[in-house]
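Accompanying notes for the structure given below.
Residue numbers (full-length UniProt numbering): 1 to 289.
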């Protein structure tokens, strides 16, 4: 299976949200990283058919998805960023409603609904109205509906928003388990969500792909550029002039600073890079705030 995008653009008046994006995806998990306004949601909405691109084409196994129409959408699962539900529906009724839109038989729907509810730990509240759910429960229900029909292509826009750390880990593990033969694209600001499960990361800024590579490749590129120094609090501003500050934490002898850049002219030691450091290298410490 191959999902190919060729020179995708999207204009909102004079603003270019996507600028000639070209990429080919095969089964596995892709993490889409970028600051607010990078074009991530626009790209995902084009892939799901909720938006039409200004120009460019998308092909699934060599056939234009505009020609595939409904057969393409049947193979697609989408977890949107917005939590939009009928509050009076129960979780089970909501999933049965979506199963009917997928033309699933009642027997098949029943099996998949019970699996999906269990997979996101909502079985015990399946008959409660969605309006009574917390934000995290609603988010897990969004994930459940995207998996309901066992799609070949799964598009997830900030899927762990509102989840606590334990739930985030559980959802990350779930996605990793089901993604063996699927194309999965996950847009997120939480790099830990894709650090261990993504086969490649796509770094997007201002509608353009800056870099596409595996996590180990991106980490290797930072070797020799990460440093740790312990300094008095009064020297923090001085240290920040030597590079990008990637982290600060208190020690008994002072403030430990993680610094991205050339070796600073102060006592320091090499530090092990992580994907948050990669994010800061490409997007800076202040972009998107």
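Glycine included, C-beta positions come from ideal geometry on N, C-alpha and C. Just so we're clear, the structure is a prediction, and the values are computed from it rather than from any experiment.
| Check | Outcome |
| --- | --- |
| Please return the same chain residues whose Cβ sits closer than 7 angstroms to the Cβ of residue 72, not counting the five positions on each side in sequence. | 60, 65 |
| Around the C-beta of residue 250, are 16 or more other C-beta atoms found within 10 angstroms, so that it is buried, or is it exposed? | exposed |
| Please report how far the alpha carbon of residue 184 lies from the alpha carbon of residue 234, in whole angstroms. | 46 angstroms |
| Taking only the alpha-carbon atoms, compute the straight-line gap between residue 140 and residue 76 and give it to the nearest angstrom. | 18 angstroms |
| Taking buried to mean at least 16 other C-beta atoms within 10 Å of its own C-beta, is residue 154 buried or exposed? | buried |
| Mind pulling the alpha helix (DSSP H) runs of 4 or more residues that sit fully within the segment 30-77? | 40-47, 65-68, 70-74 |
| Residue 247 to residue 99, Cα distance in whole Å? | 46 angstroms |
| Whether or not the segment 144-158 and the segment 113-122 are in contact is what I'm after, with contact meaning three or more pairs of Cβ atoms, one per stretch, closer than 8 angstroms; do they touch? | yes |
| With DSSP as the reference, label residue 83 as helix, strand or coil. | coil |
| Consult DSSP for residue 121 and reduce its assignment to one of helix, strand or coil. | coil |
| At which residues does the beta strand (DSSP E) containing residue 209 begin and terminate? | 208-213 |
| Would residue 51 pass as a contact of residue 10 if the rule is Cβ separation under 8 angstroms? | yes |
| What do you get for residue 42, buried or exposed, if any count of 16 or more other CB atoms within 10 angstroms of its CB means buried? | buried |
| Give a yes or no on whether the C-beta atoms belonging to residue 6 and residue 63 are separated by under 8 angstroms. | no |
| Quick check on residue 271: does DSSP put it in helix, strand or coil? | coil |
| Can you list, in chain order, the residues of its chain whose CB lies under 6 angstroms from that of residue 186, leaving out five sequence neighbours each side? | 31, 156, 194 |
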